[in-house]
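**Student:** The sequence shown begins at 2 in the working numbering and counts up by one.
Have a look at the structure that comes next, please.
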Amino acid sequence: MSLRFALSAALLIAAAPALAQPPAASSTPPAPSSPPPSAAPAGPGAAIQPAAMAYSQCLSTGVSGVAATATPEAGATSVMNGCATQRTALDQAVEALLATLPADQQAAGRAQYQSQIGAVPTQLADAIRQSRAPATPATPAPAATPH
């Protein structure tokens with residue numbers, strides 16, 4: 002669960018340059034209400050969320066299926082290899098969004114995305130270690146000593 006949150010946060014950070022852009026000048030005021038929840042967002046940024054969710058789900062599922070005999074690092078590599086299709090879709094969605102930004106923001110967004118996505122192997126290895134760690138029992142209250 003924390004892996005999914007970390008990856009989602011990383012993707013939001015990667016998309017931040019686009020979100021920080023002021024809206025284009027327009028002669029019509031913004032609509033007073035939001036679009037209905039069933040309305041899908043448009044534009045290149047709209048593809049990032051489903052791609053990120055698919056990649057995150059693949060990683061989460063993969064972590065739970067790592068063999069106990071594999072080292073956390075080998076398990077992370079295996080999981081990432083198994084999620085290559087979802088990673089490619091995510092990379093393409095991010096690149097499509099970045100292509101809509103000015104060049105200076107493209108470079109910054111790409112660098113940030115690469116930095117965040119580069120942390121995934123470590124996050125996966127840590128998640129594997131955590132899943133293998135014995136559950137910590139609750140500390141019982143000290144026994145009362147008779148007086």
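Even for Gly, the Cβ is constructed at its ideal location relative to N, Cα and C.
Specify the secondary structure class of residue 22 as computed by DSSP and reduced to three states.
**Tutor:** The predicted position of residue 22 is uncertain, since its pLDDT is 45 and thus under 50; no value can be drawn from it.
**Student:** Provide the residue span of the alpha helix (DSSP H) that contains residue 59, from first to last.
**Tutor:** Unbroken alpha helix (DSSP H) run through residue 59: 49 to 65.
**Student:** Could you tell me which uninterrupted alpha helix (DSSP H) segments, each at least 4 residues in length, are contained entirely in the stretch 81 to 123, listed from first to last along the chain?
**Tutor:** The qualifying runs are 85 to 99, 104 to 119.
**Student:** What number of angstroms, rounded off, separates the C-alpha of residue 73 from the C-alpha of residue 67?
**Tutor:** Taking the straight line joining both Cα atoms gives about 8 Å.
**Student:** Does DSSP put residue 46 in a helix, in a strand, or in coil?
**Tutor:** Looking at residue 46 - three-state DSSP - the assignment turns out to be helix.
**Student:** On a Cα-Cα basis, can you pick out the residue from 71, 114, 106, 104 that is closest to residue 93?
**Tutor:** For residue 93, the nearest C-alpha among the options comes from 114.
**Student:** Determine whether the beta carbon atoms of residue 87 and residue 99 lie at a separation below 8 Å.
**Tutor:** It is not a contact, given that the beta carbons lie outside the stated cut-off.
**Student:** Could you check the C-alpha separation between residue 133 and residue 105 for me, to the nearest Å?
**Tutor:** Taking the straight line joining both Cα atoms gives about 43 Å.
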